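Numbering (my numbering), first residue to last: 2 to 241.
Glycine included, C-beta positions come from ideal geometry on N, C-alpha and C.
Computed from a prediction, not measured in an experiment: that's the story for all the values here.
Since the structure comes first, as structure tokens, the remarks are kept for the end.
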Ligand SMILES: C[S@@+](CC[C@H](N)C(=O)[O-])C[C@H]1O[C@@H](n2cnc3c(N)ncnc32)[C@H](O)[C@@H]1O
């Protein structure tokens with residue numbers, strides 16, 4: 002599906018260019034003239050820039066099942082590990098596939114990402130989201146995370162309730178220098194994970210909560226916006 006982003010001051014739209022026209026409350030747009038890099042006007046006179054969508058534009062339109070790892074936490078994984086093009090990654094507990102796709106995009110085009118998701122409906126959501134985002138380097142396996150077979154990995158991420166049971170296997174499946182990252186919504190889970198990690202030769206072990214707060218202005222007065230609060234704890238470690 003060739004998708005473009007119509008970027009407007011009022012609103013933006015992710016649009017399938019297989020259609021000839023696109024209609025919204027801002028009027029009709031002739032999509033035959035919507036070429037990347039151009040500006041285009043709707044029938045009601047609103048102007049839109051035609052741009053290539055980013056992974057975040059796609060993710061906003063993806064189907065959601067279980068609670069996702071938000072972009073602020075997913076971005077922190079990139080900031081700590083440096084994951085980039087060419088890395089071989091494994092994501093255990095794919096859920097809605099948000100972290101899967103965010104990281105799959107970061108390692109494209111030469112890297113790959115496999116995710117294990119034990120629930121059939123959730124793995125179908127992930128498969129649908131992978132197709133929608135057009136990432137052919139990302140695969141979902143509808144299997145229990147404990148059954149993963151991938152080895153010599155650059156990065157393993159895990160977001161399942163009993164993650165501590167898989168730490169040893171994850172450690173063995175990383176290559177030297179590879180990173181492990183566990184996302185735990187609750188501190189009790191994080192403590193169990195950290196206890197298992199401490200039995201192994203992980204270095205750079207670190208747990209963090211990533212708190213992000215936007216600010217807003219109203220009638221000349223500015224203050225923090227109280228949006229998303231606690232999401233989860235991220236625990237990192239690197240194999241020696
Ligand atoms: C909170 S969601 C993960 C969300 C995901 N990180 C995202 O960003 O969309 C946890 C998922 O792990 C799956 N899960 C739990 N235990 C599992 C296991 N042992 N093997 C595979 N998947 C598992 C659940 O079915 C659920 O879909």
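Residue i, buried or exposed, once every other Cβ within 10 Å from all chains shown has been counted against 16
i, result
"residue 56", "buried"
"residue 172", "buried"
"residue 227", "exposed"
"residue 198", "buried"
"residue 223", "exposed"
"residue 147", "exposed"
"residue 159", "buried"
"residue 189", "exposed"
Nearest residue (CA-CA) to residue i, options the options
i, options, result
"residue 23", "49, 215, 38", "49"
"residue 132", "226, 101, 144", "101"
"residue 186", "233, 72, 58", "233"
"residue 84", "71, 229, 180", "180"
"residue 203", "125, 175, 65, 62", "175"
"residue 128", "189, 230, 66", "66"
"residue 125", "44, 150, 98, 36", "98"
"residue 182", "123, 134, 75", "75"
"residue 73", "220, 168, 217, 209", "209"
"residue 68", "139, 152, 164, 123", "123"
Opening and closing residue of the alpha helix (DSSP H) in which residue i lies
i, result
"residue 108", "99–108"
"residue 22", "No alpha helix (DSSP H) holds residue 22; the beta strand (DSSP E) holding it covers 22–25."
"residue 217", "Here residue 217 belongs to no alpha helix (DSSP H); instead the beta strand (DSSP E) covers 216–219."
"residue 126", "121–134"
"residue 43", "Counting along the chain, residue 43 falls outside any alpha helix (DSSP H), and DSSP gives it neither H nor E."
First through last residue of the beta strand (DSSP E) which encompasses residue i
i, result
"residue 116", "113–117"
"residue 54", "Counting along the chain, residue 54 falls outside any beta strand (DSSP E), and DSSP gives it neither H nor E."
"residue 222", "222–225"
Distance between beta carbons of residue j and residue i, contact taken as under 8 Å
i, j, result
"residue 155", "residue 89", "5 Å"
"residue 144", "residue 184", "Contact doesn't hold; Cβ gap of about 20 Å is too wide."
"residue 136", "residue 107", "Going by Cβ atoms, the distance from residue 136 to residue 107 rounds to 11 Å, so no, they are not a contact pair."
"residue 237", "residue 51", "About 39 Å separates the two Cβ atoms, so there is no contact after all."
Beta-bridge pairing of residue i - partner residues as DSSP gives them
i, result
"residue 158", "92, 182"
"residue 30", "23"
"residue 240", "203"
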